[in-house]
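First residue of the sequence shown: 32, per the numbering used here; consecutive thereafter. In this text, a Cβ means the ideal position worked out from N, Cα and C, and glycines have one as well. For reference, the structure is listed below as C-alpha coordinates.
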Amino acid sequence: MDLIIANLSGKRGIIIDVRNNGGDNPDNARKMASRFTNEKRLAGTNKIISGPVHEDFRIEDVYIEPYDGKRFDGKVVVLTNRKSYSATTYFAQYMRVLNNVPFVGDTTGGGGGLPAFRDLANGWLLRVSSTRFYDPYGMNIESGIPPHIQLNINETEAFATGKDPIIEKAIELIREE
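As C-alpha coordinates, this is what we get:
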(Lines of atoms letter the chains of each structure in order from A and count residues from 1; the text may use other names and numbers.)
(Lines give C-alpha, C1' and ligand atoms only; values in the text may rest on other atoms or scores of the structure.)
Protein backbone atom coordinates (compact mmCIF):
# COMPACT_ATOMS: atom_id res chain seq x y z
CA MET A 1 0.00 0.00 0.00
CA ASP A 2 2.88 2.40 0.68
CA LEU A 3 3.94 2.26 -2.97
CA ILE A 4 0.37 2.70 -4.22
CA ILE A 5 -0.25 5.71 -1.97
CA ALA A 6 3.11 7.23 -2.99
CA ASN A 7 2.19 6.83 -6.68
CA LEU A 8 -1.14 8.57 -6.04
CA SER A 9 0.54 11.68 -4.66
CA GLY A 10 -0.84 14.74 -6.43
CA LYS A 11 -3.65 12.81 -8.12
CA ARG A 12 -7.20 14.14 -7.93
CA GLY A 13 -8.81 10.85 -6.93
CA ILE A 14 -8.88 7.09 -6.81
CA ILE A 15 -11.57 4.55 -7.67
CA ILE A 16 -11.51 1.48 -5.44
CA ASP A 17 -13.38 -1.29 -7.23
CA VAL A 18 -14.30 -4.12 -4.84
CA ARG A 19 -17.04 -5.59 -7.01
CA ASN A 20 -16.99 -9.41 -7.12
CA ASN A 21 -14.55 -9.53 -4.19
CA GLY A 22 -15.22 -12.48 -1.88
CA GLY A 23 -13.35 -10.87 1.01
CA ASP A 24 -10.63 -12.18 3.28
CA ASN A 25 -9.42 -10.57 6.51
CA PRO A 26 -11.32 -7.66 8.11
CA ASP A 27 -8.08 -6.45 9.73
CA ASN A 28 -6.61 -5.90 6.27
CA ALA A 29 -9.76 -4.00 5.31
CA ARG A 30 -9.36 -1.76 8.34
CA LYS A 31 -5.67 -1.16 7.57
CA MET A 32 -6.53 -0.19 4.02
CA ALA A 33 -9.25 2.22 5.15
CA SER A 34 -6.77 3.86 7.54
CA ARG A 35 -4.90 5.20 4.47
CA PHE A 36 -7.83 7.48 3.64
CA THR A 37 -8.53 9.31 6.90
CA ASN A 38 -6.82 11.95 9.00
CA GLU A 39 -8.89 11.39 12.11
CA LYS A 40 -10.04 8.49 14.27
CA ARG A 41 -13.59 7.37 13.47
CA LEU A 42 -15.97 4.87 15.01
CA ALA A 43 -16.74 2.30 12.30
CA GLY A 44 -19.12 0.24 14.39
CA THR A 45 -19.48 -2.29 17.15
CA ASN A 46 -18.57 -5.96 17.09
CA LYS A 47 -20.58 -8.37 19.25
CA ILE A 48 -18.34 -11.41 19.68
CA ILE A 49 -19.40 -14.79 21.07
CA SER A 50 -17.73 -15.12 24.46
CA GLY A 51 -19.40 -18.10 26.12
CA PRO A 52 -21.52 -21.22 25.71
CA VAL A 53 -24.91 -19.52 26.14
CA HIS A 54 -26.66 -18.26 23.00
CA GLU A 55 -26.54 -14.62 24.13
CA ASP A 56 -23.01 -14.61 25.62
CA PHE A 57 -21.36 -11.77 23.71
CA ARG A 58 -18.67 -9.24 24.51
CA ILE A 59 -18.92 -5.81 22.92
CA GLU A 60 -15.96 -4.27 21.10
CA ASP A 61 -15.99 -0.86 19.42
CA VAL A 62 -14.11 -0.82 16.12
CA TYR A 63 -12.30 2.34 15.06
CA ILE A 64 -10.57 3.43 11.88
CA GLU A 65 -7.41 5.24 12.95
CA PRO A 66 -5.19 7.24 10.60
CA TYR A 67 -2.20 5.34 9.26
CA ASP A 68 1.10 6.61 10.71
CA GLY A 69 2.66 6.99 7.26
CA LYS A 70 1.55 8.60 4.01
CA ARG A 71 -2.20 8.80 3.47
CA PHE A 72 -4.22 9.71 0.39
CA ASP A 73 -6.16 12.96 0.72
CA GLY A 74 -7.80 13.16 -2.72
CA LYS A 75 -11.28 12.08 -3.72
CA VAL A 76 -12.18 8.42 -3.21
CA VAL A 77 -15.06 6.53 -4.83
CA VAL A 78 -15.82 2.91 -3.90
CA LEU A 79 -17.56 0.54 -6.34
CA THR A 80 -19.59 -2.33 -4.86
CA ASN A 81 -22.07 -5.00 -5.90
CA ARG A 82 -23.98 -7.98 -4.47
CA LYS A 83 -20.90 -10.16 -5.03
CA SER A 84 -18.84 -8.10 -2.54
CA TYR A 85 -18.83 -10.34 0.54
CA SER A 86 -17.31 -10.86 3.96
CA ALA A 87 -14.29 -8.62 4.63
CA THR A 88 -15.30 -6.58 1.58
CA THR A 89 -18.49 -5.66 3.42
CA TYR A 90 -16.36 -4.67 6.41
CA PHE A 91 -14.18 -2.56 4.09
CA ALA A 92 -17.30 -0.89 2.71
CA GLN A 93 -18.47 -0.09 6.24
CA TYR A 94 -15.04 1.24 7.24
CA MET A 95 -14.92 3.52 4.19
CA ARG A 96 -18.55 4.56 4.65
CA VAL A 97 -17.78 6.30 7.96
CA LEU A 98 -15.11 8.48 6.35
CA ASN A 99 -16.13 11.89 5.04
CA ASN A 100 -17.07 12.22 1.39
CA VAL A 101 -16.47 8.67 0.16
CA PRO A 102 -19.39 7.90 -2.14
CA PHE A 103 -20.30 4.33 -3.09
CA VAL A 104 -21.55 3.54 -6.58
CA GLY A 105 -23.12 0.28 -7.75
CA ASP A 106 -25.22 -2.09 -5.70
CA THR A 107 -25.52 -3.16 -2.06
CA THR A 108 -22.69 -5.43 -0.91
CA GLY A 109 -23.48 -9.10 -0.38
CA GLY A 110 -23.03 -8.89 3.40
CA GLY A 111 -21.75 -11.98 5.16
CA GLY A 112 -19.61 -10.05 7.59
CA GLY A 113 -19.60 -12.43 10.58
CA LEU A 114 -16.18 -13.83 11.45
CA PRO A 115 -16.16 -17.64 11.42
CA ALA A 116 -15.68 -19.89 14.44
CA PHE A 117 -14.88 -23.56 13.97
CA ARG A 118 -16.06 -26.48 16.12
CA ASP A 119 -15.14 -30.16 15.85
CA LEU A 120 -18.20 -32.39 16.02
CA ALA A 121 -18.26 -35.88 17.56
CA ASN A 122 -18.73 -37.49 14.14
CA GLY A 123 -15.49 -35.91 12.84
CA TRP A 124 -17.15 -33.11 10.91
CA LEU A 125 -16.04 -29.52 11.24
CA LEU A 126 -18.78 -26.97 11.92
CA ARG A 127 -18.22 -23.38 10.79
CA VAL A 128 -20.54 -20.69 12.16
CA SER A 129 -20.52 -16.93 12.37
CA SER A 130 -19.10 -15.84 15.73
CA THR A 131 -19.74 -12.11 15.50
CA ARG A 132 -22.38 -9.56 14.72
CA PHE A 133 -21.16 -6.21 13.41
CA TYR A 134 -23.28 -3.08 13.76
CA ASP A 135 -22.68 0.32 12.22
CA PRO A 136 -22.48 3.36 14.56
CA TYR A 137 -26.29 3.70 14.35
CA GLY A 138 -26.98 0.11 15.43
CA MET A 139 -27.74 -1.40 12.01
CA ASN A 140 -26.41 -4.93 11.44
CA ILE A 141 -24.24 -5.04 8.29
CA GLU A 142 -24.97 -8.73 7.64
CA SER A 143 -27.39 -7.88 4.82
CA GLY A 144 -24.87 -5.60 3.13
CA ILE A 145 -23.90 -1.95 2.79
CA PRO A 146 -26.06 0.04 0.36
CA PRO A 147 -24.43 2.42 -2.13
CA HIS A 148 -25.01 6.17 -2.18
CA ILE A 149 -25.68 5.93 -5.91
CA GLN A 150 -27.51 2.78 -7.02
CA LEU A 151 -26.52 1.70 -10.54
CA ASN A 152 -27.15 -1.73 -11.98
CA ILE A 153 -25.05 -3.10 -14.79
CA ASN A 154 -25.63 -5.70 -17.45
CA GLU A 155 -22.20 -7.37 -17.34
CA THR A 156 -22.60 -9.05 -20.73
CA GLU A 157 -23.52 -5.77 -22.41
CA ALA A 158 -20.77 -3.87 -20.59
CA PHE A 159 -18.20 -6.43 -21.71
CA ALA A 160 -19.47 -6.37 -25.31
CA THR A 161 -19.46 -2.56 -25.55
CA GLY A 162 -16.40 -1.95 -23.39
CA LYS A 163 -18.39 0.54 -21.31
CA ASP A 164 -18.97 0.25 -17.59
CA PRO A 165 -21.55 2.83 -16.43
CA ILE A 166 -20.49 2.34 -12.80
CA ILE A 167 -16.87 3.26 -13.53
CA GLU A 168 -18.05 6.12 -15.75
CA LYS A 169 -20.12 7.51 -12.86
CA ALA A 170 -17.12 7.19 -10.51
CA ILE A 171 -14.93 9.13 -12.94
CA GLU A 172 -17.63 11.80 -13.17
CA LEU A 173 -17.69 12.12 -9.36
CA ILE A 174 -13.90 12.48 -9.17
CA ARG A 175 -13.90 15.15 -11.89
CA GLU A 176 -16.53 17.24 -10.08
CA GLU A 177 -15.14 20.30 -8.35
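Would residue i and residue j qualify as a contact pair, given that the criterion is a beta-carbon distance under 8 Å?
i: residue 73; j: residue 198; result: no
i: residue 102; j: residue 131; result: no
i: residue 189; j: residue 46; result: no
i: residue 124; j: residue 166; result: yes
i: residue 164; j: residue 75; result: yes
i: residue 175; j: residue 144; result: no
i: residue 118; j: residue 54; result: yes
i: residue 59; j: residue 112; result: no
Nearest to residue i by CA position, among the options, is which residue?
i: residue 90; options: 77, 152 and 166; result: 77
i: residue 137; options: 147, 193 and 120; result: 120
i: residue 99; options: 54, 172, 195 and 63; result: 63
i: residue 71; options: 186, 41 and 94; result: 94
i: residue 183; options: 195, 208 and 32; result: 195
i: residue 133; options: 159, 86, 150 and 181; result: 181
i: residue 159; options: 35, 80 and 178; result: 80
i: residue 66; options: 88, 185, 84 and 37; result: 37
i: residue 129; options: 97, 32 and 39; result: 97
i: residue 48; options: 107, 168, 154 and 187; result: 107
i: residue 61; options: 39, 34 and 127; result: 127
List the residues that DSSP assigns as beta-bridge partners of residue i.
i: residue 106; result: 44
i: residue 119; result: Answer by DSSP bridge pairing: none, since residue 119 is not bridged.
Quick one: give me the first and last residue of the alpha helix (DSSP H) that residue i is part of.
i: residue 34; result: 33-38
(request) Pick out the complete alpha helix (DSSP H) segments inside the region 136-204, 4 residues or longer, and give them in chain order. (result) 186-192
(request) Entirely within the region 53-101 and at least 4 residues each: give me those alpha helix (DSSP H) ranges in chain order. (result) 57-64
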